[in-house]
Amino acid sequence: MTDGVEPTQTEIERAVATLRSGGLVAFPTETVYGLGADAANDDAVRRVFEVKGRPTDHPLIVHLADASQLDEWAASVSPTASLLADAFWPGPLTLLVERSSSVSPAVTGGRSTVGLRVPDHPVALELLRTFAGGIAAPSANRFGRVSPTTAAHVLADLGDDVDLVLDGGPCRVGVESTIVDLTAERPVVLRAGGVSVDRLEEVLGHPVEVHVSAEPSNAGARAPGMLEAHYAPNARVVLGSEHELVELLIDILKSANGPVGLLAESALVGLPEDIVVLEPAGTADDYAAVLYSRLRQADRLGLDVLVCVPPPAVGVGLAVNDRLRRAAASSQG
Ligand code: TXA
Ligand code: MG
Numbered sequence: 142m143t144d145g146v147e148p149t150q151t152e153i154e155r156a157v158a159t160l161r162s163g164g165l166v167a168f169p170t171e172t173v174y175g176l177g178a179d180a181a182n183d184d185a186v187r188r189v190f191e192v193k194g195r196p197t198d199h200p201l202i203v204h205l206a207d208a209s210q211l212d213e214w215a216a217s218v219s220p221t222a223s224l225l226a227d228a229f230w231p232g233p234l235t236l237l238v239e240r241s242s243s244v245s246p247a248v249t250g251g252r253s254t255v256g257l258r259v260p261d262h263p264v265a266l267e268l269l270r271t272f273a274g275g276i277a278a279p280s281a282n283r284f285g286r287v288s289p290t291t292a293a294h295v296l297a298d299l300g301d302d303v304d305l306v307l308d309g310g311p312c313r314v315g316v317e318s319t320i321v322d323l324t325a326e327r328p329v330v331l332r333a334g335g336v337s338v339d340r341l342e343e344v345l346g347h348p349v350e351v352h353v354s355a356e357p358s359n360a361g362a363r364a365p366g367m368l369e370a371h372y373a374p375n376a377r378v379v380l381g382s383e384h385e386l387v388e389l390l391i392d393i394l395k396s397a398n399g400p401v402g403l404l405a406e407s408a409l410v411g412l413p414e415d416i417v418v419l420e421p422a423g424t425a426d427d428y429a430a431v432l433y434s435r436l437r438q439a440d441r442l443g444l445d446v447l448v449c450v451p452p453p454a455v456g457v458g459l460a461v462n463d464r465l466r467r468a469a470a471s472s473q474g
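Each residue of the sequence shown is one higher than the one before, starting from 142 at the first, in our numbering.
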């Protein structure tokens, strides 16, 4: 699970000391690595925004050790919040709720709401339990870049700007948490992620509204971070379907200013020979787990264009489709 790189208790204690003194600690979660600060320390939280290069009105998610802390951070705990927390925490689900008055507006970008989640990773949980407070953490990448799914990605992106990186191996899920807004009358999914809409509906017992879109006009001001040209590698990302893929690749090869790569679920035959075929991504779950690594690999290989064949948009495949659409949309400039 953690590839034998699990941090020792001493490292966890060092990380806790770093957080207590206002430092920044990158830590693994099941989704992506987070750039953590003590959620109760405004100066530390401000540094997170600085290091990321993120506008200060884009709120941070507060990570908790367990669901029993919900009532410290939320103004009130609705039956729906309890139901979802019980069903999915620890796990890749962020709940947006009205914040309790003790939550700093520095964390919430001045909003009256706060995003809360209990991550499902032994290192994150050990850190949170030992710290015994909320850890505010966005993904540990520079603003607008691809989220990190290994400690090496974090170091490549943030270098010395982060005080300590806990290495917990590659992230299991590989795409960010699903965000569910519980502040309106009915739950609304604002970001597709590690928990599928099907599972949410199963637990809630009714259909849920999904407001996720790669179109800037539609993503909605309710999750401001979602408006950005996010999840973008340097390579131009083009989406293709298996059907007519060869024609698309030939066409792109004609106008490309460098190597052209392909990322698909399975190995495909009959492709033009100049195509750089990345290792196939496998099922939708596997695709999610390797997606950000492959986008980074595309840049390491100096690809001019990366053609991606998305998995079916069901389960975590919906999140993969969402991230690929965003990468493609921001590629168009
Ligand atoms: O899986 C994840 O959620 C990862 C790991 C580290 O937990 N975190 C993550 O954080 O993806 P970040 O900051 O990169 O994305 C959080 C998104 C942003 O788009 C932000 O705008 C939205 O959640 N968000 C957080 N709190 C919010 C709030 N109170 N109201 C509206 N949107 C909020
Ligand atoms: Mg992020």
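Just so you know, even glycine gets a beta-carbon here, dropped at the ideal spot from N, CA and C.
- Asn182 counts as buried, since at least 16 other C-beta atoms from the protein chains shown sit within 10 angstroms of its C-beta.
- One Cα belongs to Ala405, the other to Cys449, and the distance between them is close to 6 angstroms.
- In this structure, Arg240 sits near Ala215, with a CB-CB distance shorter than 9 angstroms.
- For Val173, the closest alpha carbon among the candidates Gly163, Pro233, Lys395, Ala454 is that of Pro233.
- By the Cβ test, the segment 451-463 is in contact with the segment 331-344, since at least three Cβ pairs between them sit closer than 8 angstroms.
- Within 8 angstroms of the C-beta of Thr172 there is at least one heavy atom belonging to the ligand TXA.
- Pairwise C-beta distances place the segment 257-272 out of contact with the segment 407-420, as fewer than three of them are shorter than 8 angstroms.
- DSSP places Ser280 within a strand segment (E or B) once states are collapsed to three.
- The set of residues with a C-beta under 6 angstroms from any non-hydrogen atom of the ligand MG comprises Pro279, Ser280, Ser288, given in chain order.
- Residues of the same chain with a CB within less than 8 angstroms of the CB of Pro348, apart from the 5 flanking positions on each side, are Glu342 in chain order.
- When Val157, Ala373, Ile276, Thr235 are compared, the shortest CA-CA separation from Gly175 is found for Ile276.
- Annotated three-state conformation of Glu388 is helix, per DSSP.
- Relative to the ligand TXA, Thr290 has its C-beta separated by 8 angstroms or more from all heavy atoms.
- Rounded to whole angstroms, Val378 and Leu465 show a C-alpha spacing of 8 angstroms.
- In the displayed model, Leu447 falls within a strand according to three-state DSSP.
- When DSSP states are grouped into helix, strand and coil, Gly458 belongs to the helix group.
- A check of alpha carbon separations from Arg283 across Pro374, Ala430, Glu154 identifies Pro374 as the nearest.
- The beta carbon of Gly411 sits closer than 8 angstroms to the beta carbons of Val387 from its chain, once the five residues preceding and following it are set aside; these are given in chain order.
- When the five nearest sequence neighbours on each side are left out, the beta carbons in the same chain lying within less than 7 angstroms of the beta carbon of Glu317 are those of Thr172, Val173, Ser280, Ser288, Arg332, Gly334, in order along the chain.
- In this structure, the beta-carbon distance from Asp212 to Val203 does not fall below 9 angstroms.
- Going by DSSP, Glu213 is part of the alpha helix (DSSP H) stretching over 211-214.
- A buried status is given to Thr291, since no fewer than 16 other beta-carbon atoms sit within 10 Å of its beta-carbon.
- Under DSSP, Glu191 takes part in no beta bridge, so it has no partner.
- According to DSSP, residue pairing for Phe229 in a beta bridge does not occur.
- Asp207 and Val446 have their C-alpha atoms roughly 43 angstroms apart.
- Burial state of Ala158 is exposed, judged by a 10 Å Cβ sphere holding fewer than 16 other Cβ atoms.
- The C-alpha of Gly309 lies about 23 angstroms from the C-alpha of Arg188.
- Shown here for Ala429: same chain residues with a beta carbon closer than 7 angstroms to its own, the five before and five after excluded, namely Val314, Gly315, Val316, Val457, Ala460, Val461 in chain order.
- For Ala292, the enclosing alpha helix (DSSP H) starts and ends at 292-299.
- Under DSSP, Glu350 takes part in a beta bridge, and its partners are Val329.
- Our two residues, Ile391 and Glu385, have alpha carbons roughly 10 angstroms apart in a direct line.
- Contact between Thr324 and Thr249 does not hold, since their C-beta atoms are separated by about 12 angstroms, which reaches or exceeds 8 angstroms.
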